[in-house]
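Enquirer: Supplied in structure tokens, the structure appears directly below.
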Amino acid sequence: MGRLDPVFSRAREEGRAALVGYLPAGYPTVSRSAELLSAMIDSGADLVEVGVPYSDPVMDGPTIQAAADSALRAGFRLRDVFRVVESVSSAGGRAVVMTYWNP
Numbered sequence: 035m036g037r038l039d040p041v042f043s044r045a046r047e048e049g050r051a052a053l054v055g056y057l058p059a060g061y062p063t064v065s066r067s068a069e070l071l072s073a074m075i076d077s078g079a080d081l082v083e084v085g086v087p088y089s090d091p092v093m094d095g096p097t098i099q100a101a102a103d104s105a106l107r108a109g110f111r112l113r114d115v116f117r118v119v120e121s122v123s124s125a126g127g128r129a130v131v132m133t134y135w136n137p
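Next comes the structure, spelled out in structure tokens:
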């Protein structure tokens with residue numbers, strides 16, 4: 035059993051899809067992204083996906099590309115994602131981290 039199985043099992047038992055929110059960490063700022071992701075949990079999201087801003091997000095659309103660029107220009111560092119995820123966890127939520135892998 036995976037760590038997220040209970041999240042999806044509960045949604046299935048309730049006859050609904052799981053609500054998964056998304057926001058790049060560091061957008062619009064590191065602190066604000068932590069607040070916004072926690073607010074998603076408080077508002078009923080079952081899970082949030084925390085994006086790691088990347089300098090060449092070719093698989094994302096223009097809105098997420100712009101948010102990632104803004105976060106990077108504001109000084110986002112990879113270590114900041116841990117702070118954001120911890121904030122979600124402290125709010126009682128579950129988070130997964132999404133990033134790119136370009137071999």
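All residue numbers in the sequence shown are consecutive under the working numbering, ending with 137.
Backbone N, C-alpha and C fix where the C-beta goes; we use that ideal spot for every residue, glycine too.
Taking buried to mean at least 16 other C-beta atoms within 10 Å of its own C-beta, is D76 buried or exposed?
Expert: Exposed, because fewer than 16 other Cβ atoms sit within 10 Å of the Cβ of D76.
Enquirer: I'd like to check one pair, V64 with V130: are the Cβ atoms closer than 9 angstroms?
Expert: Cβ distance not < 9 angstroms, so V130 and V64 don't count as in contact.
Enquirer: Could you give the DSSP three-state label for S71: helix, strand or coil?
Expert: Ser is not the amino acid found at residue 71; the sequence shown has Leu there. Helix, per DSSP.
Enquirer: Within the same chain, show all residues whose beta-carbon is closer than 6 angstroms to that of P91, passing over the 5 residues directly before and after it, in chain order.
Expert: For P91, where only same-chain residues beyond five positions count, the Cβ hits under 6 angstroms are Q99 and A102.
Enquirer: What are the boundary residues of the beta strand (DSSP E) that includes A129?
Expert: Looking at the DSSP string, the run of the beta strand (DSSP E) that includes A129 is A129 to M132.
Enquirer: By Cβ distance below 8 angstroms, which residues in the same chain neighbour D114 in space, the five residues on each side in sequence not counted?
Expert: These residues qualify, in order along the chain: A59, G60 and V64.
Enquirer: My assumption, with CB atoms under 8 angstroms, is that L53 sits in contact with V122. Please give the rounded CB distance.
Expert: L53 to V122, Cβ: 14 angstroms. No contact.
Enquirer: What does a CB cutoff of less than 7 angstroms around R117 pick up in its chain, not counting 5 residues either side in sequence?
Expert: Around R117: V64 and A68.
Enquirer: Roughly how many whole angstroms lie between the Cα atoms of W135 and Y88?
Expert: Between W135 and Y88, the C-alpha separation is close to 10 angstroms.
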